[in-house]
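Q: Residue numbers (the UniProt record's numbering): 1 to 132. Beta carbons are placed, not taken as given, at the ideal position from N, Cα and C, and that holds for glycine. Encoded as structure tokens, here's the structure I'll be asking about.
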Amino acid sequence: MDKQKRVNWESGEKELLTEIVTPFIKVIENKNCDTNTNKSKLEGWSQIYKEYNGNSKTQRTLLQFKGEWKRMKIVAKKNVSSYKQNLKQTGGGPPPESINKLDMTLQSLMPMDFIKDANDFDCDNDGSTKKV
Numbered sequence: 001m002d003k004q005k006r007v008n009w010e011s012g013e014k015e016l017l018t019e020i021v022t023p024f025i026k027v028i029e030n031k032n033c034d035t036n037t038n039k040s041k042l043e044g045w046s047q048i049y050k051e052y053n054g055n056s057k058t059q060r061t062l063l064q065f066k067g068e069w070k071r072m073k074i075v076a077k078k079n080v081s082s083y084k085q086n087l088k089q090t091g092g093g094p095p096p097e098s099i100n101k102l103d104m105t106l107q108s109l110m111p112m113d114f115i116k117d118a119n120d121f122d123c124d125n126d127g128s129t130k131k132v
């Protein structure tokens, strides 16, 4: 099978994808998986696909959009978590690098995805979350 080389996503393309996804965020990030929700998610991704390919010189497939969006969220969560962890370090030294603009944007679009789960009985509980 002959695989076609894919072009890497540039930072400008990621920003464009984020701008285009923003109006559809409540639809594509909906955690429900019933038929109507899945249909609206597919329609949302189709709109994103059309709008992106109409505004970009690099043409992408629907699967590439979904995959890159998923990877962007994973990287943003990792970067935000690492930043928060570095803020709590002691011992002096330079302050940690701030979170980049794209990660901050993703965090503001999906704030519930960036909340740290805590359990009173967990050994690494730092007591920073409210007790219910």
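(1) Would the beta-carbon of residue 51 fall within 7 Å of that of residue 20?
(2) Which residue from 101, 25, 55 and 47 puts its Cα closest to that of residue 76?
(3) Is residue 97 helix, strand or coil by DSSP?
(4) In angstroms, rounded to a whole number, what distance separates the CA positions of residue 49 and residue 62?
(5) Grab me the residues of residue 59's own chain with a C-beta within less than 6 Å of its C-beta, minus the 5 sequence neighbours each way, in chain order.
(6) For residue 86, which residues from the same chain have a beta carbon less than 8 Å from its beta carbon, with the 5 sequence-adjacent residues on both sides left out?
(7) Please classify residue 131 as buried or exposed, where buried requires at least 16 neighbouring CB atoms within 10 angstroms.
A: So, from the listed chains and residues:
(1) Against a cut-off of 7 Å, the Cβ pair of residue 20 and residue 51 comes out as a contact.
(2) Among 101, 25, 55 and 47, the Cα nearest to that of residue 76 is on 101.
(3) In the three-state reduction of the DSSP assignment, residue 97 falls in the coil class, being assigned neither a helical nor a strand state.
(4) So the two alpha carbons sit approximately 6 Å from each other.
(5) Excluding its 5 nearest sequence neighbours in each direction, residue 59 has C-beta neighbours in its own chain below 6 Å: 53, listed in chain order.
(6) Excluding residues within five positions, the ones whose Cβ falls inside 8 Å are 96.
(7) Because residue 131 sits at a pLDDT of 43, beneath the cut-off of 50, its placement in the model cannot be relied upon, and the following sentence gives the value as read from the coordinates. It is exposed - the Cβ of residue 131 has fewer than 16 other Cβ atoms within 10 Å.
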